[in-house]
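Before any comments, here is the structure.
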Amino acid sequence: MSLRIGLFYPNTQSMHALSPDVVRQSPDLLDMQSHIDCAKVSEAAGLDYLFMAEVWSPYGPRSRQGGIVDPTLLSPVLAATLIPVTRQIRLITTVHTSWFHPLAIARMGGALDSLSNGRWGLNIVTGAGFADKPVGAESAELDHDARYQRAAEVVEIMSQSWSHGEIDFSGEHFRISGRIVGPRTVQQPRPLLVSAGASDAGRNFAGRYADYVFMPGRTPLADCRARIADIRRIAREAGRSEGSVKLQMHASMLVRESEDEALEASASLSQSVDLDYVVEYLNSIRRNISTYDDIYAQLGELELRKIGKVSGAREIHAGPDRAADEIERLATEFGCDGIALTFPVWQPEEIKRFSKLVLPRLEKRGLWTHPASRGWTW
Numbered sequence: 041m042s043l044r045i046g047l048f049y050p051n052t053q054s055m056h057a058l059s060p061d062v063v064r065q066s067p068d069l070l071d072m073q074s075h076i077d078c079a080k081v082s083e084a085a086g087l088d089y090l091f092m093a094e095v096w097s098p099y100g101p102r103s104r105q106g107g108i109v110d111p112t113l114l115s116p117v118l119a120a121t122l123i124p125v126t127r128q129i130r131l132i133t134t135v136h137t138s139w140f141h142p143l144a145i146a147r148m149g150g151a152l153d154s155l156s157n158g159r160w161g162l163n164i165v166t167g168a169g170f171a172d173k174p175v176g177a178e179s180a181e182l183d184h185d186a187r188y189q190r191a192a193e194v195v196e197i198m199s200q201s202w203s204h205g206e207i208d209f210s211g212e213h214f215r216i217s218g219r220i221v222g223p224r225t226v227q228q229p230r231p232l233l234v235s236a237g238a239s240d241a242g243r244n245f246a247g248r249y250a251d252y253v254f255m256p257g258r259t260p261l262a263d264c265r266a267r268i269a270d271i272r273r274i275a276r277e278a279g280r281s282e283g284s285v286k287l288q289m290h291a292s293m294l295v296r297e298s299e300d301e302a303l304e305a306s307a308s309l310s311q312s313v314d315l316d317y318v319v320e321y322l323n324s325i326r327r328n329i330s331t332y333d334d335i336y337a338q339l340g341e342l343e344l345r346k347i348g349k350v351s352g353a354r355e356i357h358a359g360p361d362r363a364a365d366e367i368e369r370l371a372t373e374f375g376c377d378g379i380a381l382t383f384p385v386w387q388p389e390e391i392k393r394f395s396k397l398v399l400p401r402l403e404k405r406g407l408w409t410h411p412a413s414r415g416w417t418w
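What follows is the structure in structure tokens.
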């Protein structure tokens, strides 16, 4: 079984590197040609999919002023613009089910899957996308487990609409009967679903519905193994095969011709990290820590810079052989079925370099084959 290797698509100026230098060096986010080039190069390189995340609020005022996650292009809209400039590569978009009505998502998905000829997948997120009140007020009305219950109802409603058109559903959050206009999805009975749920409710949702389970690259080995085993147990108990749940992890890839060149580039990236950006990022995901001094005392500058380089991704900044070694470790020790790659600076040359230097090594080791050889399947 070949690894599925995709691009954690840059729908903001700097996806995971909290660095003003990266913001300046990356292509212009609001220039359509930047995205045409990125998508075409990704497809030509042999990547399987473009995974588009979503945020709704900036981390904080300083990082916002520096262009970190603000602006962010709405992933379903961005995906629609990339459909006509690609032919085979898959497109995964993120939708927050706590904010969007299932009929709206069903219609959007039907259109995207039809126009792409069955290349669309949906990443379901239940939170508020880093948003606080008042932006996240609607999502905040539901507690954590209720958001997953709502998400499950959303999937059930969408699945009915996509598979046979007629909807007859009555739940805690929605009561819907009837039919909405098509098109229905090309992929049947439904498109690929992705989830990153880690809590009890999140694992239960993923086990029942997710085809890809996404985990941050920083997830420790023991935690990763335990989580995916539990999700697959839930899948089996829900009548699904354990093999239908595929593990995807997230890695920051910076590869150069030699190990020394890669380490030098990585060190330069580390020094360019703005520590205030990192603090705002951490505060946005860890509300129990609210001041710079608290975080700095707990983590120290070195750890802050490591986080600032890659956010939650696994750092693979290496020469070609070690980069292949690290990916092989994710496959063999962590049990990864695929990897979503972030390139700190998302110039097309970085993707081409990975394709030239690393993919042939993975192919030689029997870890990867070109998507064309396997029909560009999920």
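Throughout, our numbering is defined as the position within the sequence shown, counted from one, plus 40.
Glycine included, each C-beta is placed from N, C-alpha and C at the ideal position.
Computed from a predicted model, the values in this text were never measured in an experiment.
With a 10 Å radius around its C-beta and 16 neighbouring C-beta atoms as the bar for buried, classify residue i as buried or exposed.
i, result
"Asp68", "exposed"
"Asn157", "exposed"
"Leu189", "Residue 189 is actually Gln in this sequence, not Leu. Per the 10 Å Cβ criterion, buried."
"Asp183", "exposed"
"Met41", "exposed"
"Ser284", "exposed"
"Phe91", "buried"
"Ser210", "exposed"
"Lys404", "exposed"
"Gln53", "buried"
"His141", "exposed"
"Ala363", "buried"
"Gly279", "exposed"
"Asp333", "Confidence is the limiting factor: at Asp333 the pLDDT is only 43, short of 50, which leaves the residue's position unreliable, though a coordinate-based value still follows. Its Cβ having fewer than 16 others within 10 Å, Asp333 is exposed."
"His136", "buried"
"Arg414", "exposed"
"Pro101", "exposed"
"Arg230", "buried"
"Arg393", "buried"
"His410", "exposed"
"Gly247", "buried"
"Asp208", "exposed"
"Asp240", "exposed"
"Ser217", "exposed"
"Pro50", "buried"
"Glu212", "exposed"
"Ser281", "exposed"
"Phe417", "A quick correction: the sequence has Thr, not Phe, at residue 417. With fewer than 16 other Cβ atoms within 10 Å, it is exposed."
Whose C-beta lies closer than 7 Å to the C-beta of residue i among residues of the same chain, with five residues either side of it excluded?
i, result
"Pro423", "Only positions 41 to 418 of the chain appear in this structure, which leaves residue 423 out of reach."
"Thr331", "Low confidence applies here, because Thr331 scores a pLDDT of 35, under 50, leaving its location unreliable; read the following figure in that light. The answer is none, since no qualifying residue turns up."
"Arg243", "Gly237, Arg267, Asp270, Ile271 and Ile274"
"Cys264", "Met255 and Phe374"
"Glu368", "Arg405 and Leu407"
"Phe245", "Tyr188, Ala191, Ala192, Ser235 and Gly237"
"Val318", "Leu58, Leu344, Ile347 and Gly348"
"Phe214", "Pro142, Glu193 and Ile197"
"Glu299", "Ala358, Gly359 and Arg362"
For the putative contact between residue i and residue j, defined by C-beta atoms under 8 Å, what is the C-beta separation to the nearest angstrom?
i, j, result
"Ile129", "Leu87", "6 Å"
"Val165", "Glu94", "7 Å"
"Gln227", "Val253", "Actually they do not touch by this definition, with Cβ atoms about 19 Å apart."
"Ala57", "Pro384", "4 Å"
"Leu399", "Trp408", "6 Å"
"Thr259", "Met55", "So it is not a contact: roughly 18 Å between Cβ atoms."
"Ala302", "Gly257", "Not quite, the Cβ-Cβ distance comes to about 17 Å (not below 8 Å), so this is no contact."
"Arg345", "Ser310", "5 Å"
"Thr121", "Met72", "7 Å"
Whose C-beta lies closer than 8 Å to the C-beta of residue i among residues of the same chain, with five residues either side of it excluded?
i, result
"Val221", "Arg147"
"Ile391", "Leu47, Cys78, Val81, Ser82, Ala85, Leu87 and Phe383"
"Arg127", "Glu83"
"Ala305", "Leu294, Arg296 and His357"
"Leu131", "Tyr89, Leu90, Met92, Ala119, Leu122, Ile123, Leu152, Ser156, Arg159, Trp160 and Gly161"
"Leu261", "Glu373 and Phe374"
CB-CB under 6 Å to residue i, same chain, minus the five flanking residues each way: which ones, in chain order?
i, result
"Arg44", "Asp88 and Gly378"
"Pro116", "Thr133 and Met148"
"Ala307", "none"
"Leu114", "none"
"Tyr249", "Val195 and Leu233"
"Ser312", "Ser59 and Asp61"
"Asp185", "Ala241"
Could you tell me whether the Cβ of residue i comes closer than 9 Å to any Cβ of chain D?
i, result
"Lys80", "Although the question refers to chain D, the structure presented lacks it and comprises just one protein chain."
Quick one: complete alpha helix (DSSP H) runs, 4+ long, within the region 100-148? Taking 4 residues as the shortest admissible run, the region 100-148 contains the following complete alpha helix (DSSP H) segments, listed from N- to C-terminal end: 101-105 and 115-122.
Under 8 Å, with one C-beta from each stretch per pair, do the region 295-303 and the region 344-362 reach the 3-pair mark? Three or more beta-carbon pairs drawn from the region 295-303 and the region 344-362 are found closer than 8 Å, and the two stretches are therefore classed as touching.
Just checking, does the region 107-116 make contact with the region 54-72 on the three C-beta pairs under 8 Å criterion? Cβ pair count under 8 Å is three or more, so yes.
Count the C-beta pairs between the region 147-156 and the region 197-205 that are closer than 8 Å, then say yes if the count reaches three, no if not. Taking 8 Å as the limit for Cβ pairs, the verdict is that the region 197-205 does touch the region 147-156.
Would you call the region 338-350 and the region 363-381 in contact, with 3 or more CB pairs under 8 Å? The region 338-350 is not in contact with the region 363-381.
Restricting to runs no shorter than 3 residues, where is the beta strand (DSSP E) found entirely within the region 247-274? Within the region 247-274, the complete beta strand (DSSP E) runs of at least 3 residues are 252-255.
Contained alpha helix (DSSP H) runs [length at least 4] in the region 360-409, N- to C-terminal order: Runs of the alpha helix (DSSP H) inside the region 360-409: 360-372, 388-397 and 399-404.
Give the list of continuous beta strand (DSSP E) stretches no shorter than 3 residues that lie fully inside the region 148-227. Complete beta strand (DSSP E) runs here, min 3: 160-165, 206-210 and 215-219.
Those runs of the alpha helix (DSSP H) which lie wholly inside the region 69-103 and span at least 4 residues: With a minimum length of 4 residues, the continuous alpha helix (DSSP H) runs that stay inside the region 69-103 are 72-85.
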